[in-house]
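The opening position of the sequence shown corresponds to residue 180 in this note's numbering, with each subsequent residue numbered one higher.
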Amino acid sequence: MAIGAYYLVLLSRSFANDLWWPSFNTTGYQLFLVDAINHALEQRLSGVVDLTQLVMPKSYSATQLPVPHPTRARALLLTELTSIEYAILNIRNMSADQSMTLPTLFCYVDFGQRWELAHTVARQARCKERYRFNGAIYLDAIVRNVQWGRLMDAYSDDLNEAVFAAVNASGTDGHEWFTATAAASLSLVDEATHWRSFGVTRFELQWQNIAFTGLQSTMTVVNALGIATTIELQRPTYAQGSWTSNIFNVFFMNEIFFAATCDQSLVRHSTNYIMETQCIYSATPGFEGFLGLSDSRGRFVKQTGLVRDAIGPFLSVDLFVLPPPTALLDAIASFQRVLYQAVQANATAARDYEQLPALSAQPLPAAWDVDEYLYYGGNPMCLNGIGRSYVQSAFTFGDACSQPSSATMVAQPSAILFALSLSGPSVSPMAICISVVSASIDCIRHVTRAIDLTTSQNLINETLSSALTAVISDMQVSLMQFASDRNGSEWTLLTAPILHDTNPLGWVYAYEWATGIREVVSFEGDNGTLVLISDAYQSTGTQDPNTAPLSQASTIVFYMLLYSSVVLVAIAVACTVLAVRTRLAFAGQNLFVFHRVAASTWLGRPLMFLRGACALLLLSTAPVTLTQTNGVSALVSSGRPFYEAIVLAGEANWITYVVYECQLVLHPDGSMGAAAVVWCIYSLLDVLAPVTVATTLERNCSSTDYFYSLRCTNGSISIGSLQRLYVLLGIQVACLLIAICWRHHRTRVDSRRPITVLFSGVANALLHHELDDIGYVLTGLMPLQHGRVFFDVKLWVAVHVAQAPVASTTVAAEPVRLPSLPWHGRLVAVAGFVYVLAAVSSSYSYLQIAKSTLVNDLIWPGFNLSSTHVFLTTCFWGRIAMNQTNGDFKLTDPANNRIGSTDASITSSPTHFGARMHTQL
180 MAIGAYYLVL LSRSFANDLW WPSFNTTGYQ LFLVDAINHA LEQRLSGVVD
230 LTQLVMPKSY SATQLPVPHP TRARALLLTE LTSIEYAILN IRNMSADQSM
280 TLPTLFCYVD FGQRWELAHT VARQARCKER YRFNGAIYLD AIVRNVQWGR
330 LMDAYSDDLN EAVFAAVNAS GTDGHEWFTA TAAASLSLVD EATHWRSFGV
380 TRFELQWQNI AFTGLQSTMT VVNALGIATT IELQRPTYAQ GSWTSNIFNV
430 FFMNEIFFAA TCDQSLVRHS TNYIMETQCI YSATPGFEGF LGLSDSRGRF
480 VKQTGLVRDA IGPFLSVDLF VLPPPTALLD AIASFQRVLY QAVQANATAA
530 RDYEQLPALS AQPLPAAWDV DEYLYYGGNP MCLNGIGRSY VQSAFTFGDA
580 CSQPSSATMV AQPSAILFAL SLSGPSVSPM AICISVVSAS IDCIRHVTRA
630 IDLTTSQNLI NETLSSALTA VISDMQVSLM QFASDRNGSE WTLLTAPILH
680 DTNPLGWVYA YEWATGIREV VSFEGDNGTL VLISDAYQST GTQDPNTAPL
730 SQASTIVFYM LLYSSVVLVA IAVACTVLAV RTRLAFAGQN LFVFHRVAAS
780 TWLGRPLMFL RGACALLLLS TAPVTLTQTN GVSALVSSGR PFYEAIVLAG
830 EANWITYVVY ECQLVLHPDG SMGAAAVVWC IYSLLDVLAP VTVATTLERN
880 CSSTDYFYSL RCTNGSISIG SLQRLYVLLG IQVACLLIAI CWRHHRTRVD
930 SRRPITVLFS GVANALLHHE LDDIGYVLTG LMPLQHGRVF FDVKLWVAVH
980 VAQAPVASTT VAAEPVRLPS LPWHGRLVAV AGFVYVLAAV SSSYSYLQIA
1030 KSTLVNDLIW PGFNLSSTHV FLTTCFWGRI AMNQTNGDFK LTDPANNRIG
1080 STDASITSSP THFGARMHTQ L
């Protein structure tokens, strides 16, 4: 009984969730998985990953929010999802009206590069030299894979005037290309082959800030039965941006509109080429004149002139996101591994690390610190900033050029230690603190402690520093700032590499770039290239993407097993009372088969099988626990304690008992040899070869209108092993078959063994044939008058016997011929048979009704989030907009009907609702 109670304790931990992961919860385990997997994805890990090697420097004992990854969606779309197959598939899934708004600058109409689209000669040359392998520069890639009829419905006038007219006018080649493109309908494989035949190897879009790409990133956790539970890793939603990047790329939709408005063509060498004759709507010659950025005399001055001189003509600048180099990612991963291991193992190091504060600093180049300068900002897309006496922040996606802020870095302790590890032991605290905003005395004390920590824990790696410096310097990642003299008459564009001078905090830029806090964008124009690092993205507003509670359907199973244990305990108590009353005068050998007989009689084989099956599920689940040591959290898979293994192995034998009981009809023998062998094998297998958690990172993404939102599955975490479950079941079957065959050949069972029809087969096979009151209780016979009256729980009747139902050695009798039924008796029999069929059909019909009704907790047939919920939301918002907020109403009233479909997944509230609340509340 005690072992059974402990088994219930183990079950309560595992069956509190449907993963059967002991102690798994949303605030600890699940949140750790979100952070750890997101971190692994930032490090671009893929394939099989050891989950126990992923650690996070935070405690999950209290309410926490996930670590933010503000640049992940853009980095994923623009630097990782660049395969040809992904591009073709998602272009085909785009709506036609969005196909001309892709963030790219086209260079050519066709893959054959016969008709050129670049707005300047220099960019056309740059296309051929740098971008020819990028499918996103070919208009052909889009129009071939969008439904032609819908494309023409949306853009026929503008496209024909700006592009197709010139192509068709070029001769036979143009006609053939136009006809073939309009009719293109290749398979995905053939279309990809077509692209590759022209040397295209990737499809890389460009950075923009009109739309923040939404991302729904998920991971599945698979239990021992192979049932997957989805965990959301990230859920940033689509949002509109300020689109200050339109000075570099206005999107092709607007380009063809400009050209069509001017009755001109974008195709170079066409008779009405837009660059040959200045359009009346253009302020200056050249395509950039449509922006009107020049002054009244056609000059580009101040910030506008600086950007144009340094990068090139507007509307002809390519913006590409640069991913962190692999060497930097590997260096940071190695550094973090060593640091967190030291913190876990050394309490002193942990205390020193915990006491390190974040430093607010302004690590600016010495050449910029000139009193004669006024600073206008570090965002090349903000051309009208006001001069300040301090250096202003770099660009970000959400910068609308309206709120100037100082260029301040908030360096976290891990970033500071990484910077110090690459700067060597001779670095001076003053070299860092000279740029720190806070009090210098506190800064020197904290930096000195950080230097001591890097030295004592062997974090310094000057050799790696030289290699990384070379890699980052080759990429020319820089900072920039608009500046002028105090009078605003002399303007200059200040630039400096992030690893400038000797300030170690330059490495903090690199660290934050690699961890997704910053991003690097290459602004490539006719006059030059600026590779700029963004300002740090703020982490405010981060939310846990998993707000739903864990599925706990397994709790029902736990309560069923709890019921089974309560019943067995009650029987054990009854037997104990009888044993005391008889002064222990009973057949003690019957107690050795207590569970097998009592469970078969009082519980039934289904519950017995369920109890054993649950033990098998626990044995097929990895014993992984979340630990926290000195502020560092990690998953530990140290194996199951031996005493737990033997308890679970013993409980798994319930299946053996059930199967053995079923075969008693053919071979009435109660041998327990197979159960003992199974118990030994299970115990040894769990100790010597425990189940381990298997994690595979395998990204699979799709998009909505390509760059508006992404949906990605990132692989799976297998906490349970279906293969191990099959092995355990196979062991039981094999041991049972061997035991039966061995017993069959060893001896013949006496078929005249005393039996009674009042006992079950397992009772006849296992119990001593001379039964006492305890034996009767095990078989379901409750003695009312000893030896004379018994209450049969199985039949729910009182049984009167002259003698105790011990034995009847003769059970055979001559067959008795029943009299034939009269016709009305046969009619009743037919009616009864029809009733049985009707009852079965009724049960099946009930299941079909329940299937549609019980699918949600509202018990509302057909209710779902994608239609019914959307309809209700629209209905309620409509009534609120009409100020119909008082009183009851019927949803079935025709006045509540809505025109159109309800297949949209997003609804919006009335725009004036918030303002109305100020007057109504």
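Backbone N, C-alpha and C fix where the C-beta goes; we use that ideal spot for every residue, glycine too. If you're wondering where the values come from, they're calculated on a predicted model, not measured in any experiment.
Asked	Found
Excluding sequence positions up to five away, which residues of its chain have a Cβ less than 8 Å from the Cβ of L190?	F737, L740, C793, L797
Helix, strand or coil for P962 per DSSP?	strand
Roughly how far, in whole angstroms, is the beta-carbon of L485 from the beta-carbon of L365, given that I think they are within contact range, below 8 Å?	L485 to L365, Cβ: 47 Å. No contact.
Looking at the structure shown, is Q395 part of a helix, part of a strand, or coil, going by DSSP?	strand
Would E264 and A371 qualify as a contact pair, given that the criterion is a beta-carbon distance under 7 Å?	yes
Report buried or exposed for E355, applying the criterion of at least 16 other Cβ atoms within 10 angstroms of its Cβ.	exposed
Can you name, in chain order, every residue of its own chain whose Cβ lies under 6 Å from the Cβ of T892, other than the five neighbours on each side?	T397, N879
A778 to L1037, Cα distance in whole Å?	38 Å
Suppose you measure from the CA of T780 to the CA of S1031; what does that come to, to the nearest Å?	37 Å
Counting pairs of Cβ atoms below 8 Å between the region 552-565 and the region 474-490, do you hit three or more?	yes
Please report how far the alpha carbon of V401 lies from the alpha carbon of I834, in whole angstroms.	24 Å
What does the alpha-carbon distance come out to for the pair Y185 and A758?	25 Å
Using the C-alpha atoms, what's the distance from Q660 back to Q571?	7 Å
Three-state secondary structure (DSSP) at Q209?	helix
What residue does the alpha helix (DSSP H) around I750 start on, and which one ends it?	733-760
Evaluate contact between the region 528-547 and the region 240-248, counting only Cβ atoms and requiring at least three cross-stretch pairs below 8 Å.	no
Helix, strand or coil for D929 per DSSP?	With a pLDDT of 48 at D929, under the threshold of 50, the predicted position of this residue should be treated as unreliable, and no value is reported.
How is V188 classed by DSSP in three states: helix, strand or coil?	helix
Measure the alpha-carbon distance for V748 versus W975 and round it to whole angstroms.	21 Å
Our contact map puts A359 next to W199 with C-beta atoms below 8 Å; I'd like the distance itself, whole angstroms only.	That pair is no contact at about 57 Å.
So what does DSSP say about T835, is it helix, strand or coil?	helix
Sort out for me which residues DSSP pairs S862 with in a bridge.	Looking at the DSSP assignment, S862 forms no beta bridge with any residue, so it has no partner.
Looking only at its chain, what residues have a beta carbon closer than 8 Å to the beta carbon of Q419, apart from the 5 residues adjacent to it on each side?	I389, A390, F391
To the nearest angstrom, how far is it from the Cα of L1044 to the Cα of N1035?	11 Å
For H248, does the three-state DSSP call read helix, strand or coil?	coil
Whole-angstrom Cβ separation of V857 and I910, contact assumed at under 8 Å?	6 Å
For W199, name the three-state secondary structure that DSSP assigns.	coil
Identify whether E419 lies in helix, strand or coil by the three-state DSSP scheme.	Note on residue identity: the sequence assigns Gln, not Glu, to residue 419. Looking at Q419 - three-state DSSP - the assignment turns out to be strand.
What would DSSP say about R309, mapped onto helix, strand or coil?	helix
Let's test the definition: count the other Cβ atoms within 10 Å of the Cβ of P464 and tell me whether it reaches 16, buried, or not, exposed.	exposed
Along the beta strand (DSSP E) that carries V700, what are the first and last residues, could you check?	699-703
When the Cβ atoms of the region 436-451 are set against those of the region 337-344, are three or more pairs found closer than 8 Å?	yes
When the Cα atoms are used, what is the spatial distance from S225 to T875?	7 Å
I'd like the ranges of any beta strand (DSSP E) spanning at least 3 consecutive residues and lying wholly in the region 492-572.	497-501, 538-540, 553-556
Label F436 either buried or exposed according to how many other C-beta atoms from any shown protein chain fall within 10 Å of its C-beta, with 16 as the threshold for buried.	buried
List the DSSP bridge partners of Q319.	Here the sequence assigns Asp to residue 319, which means Gln is not the residue at that position. DSSP lists no partner for D319.
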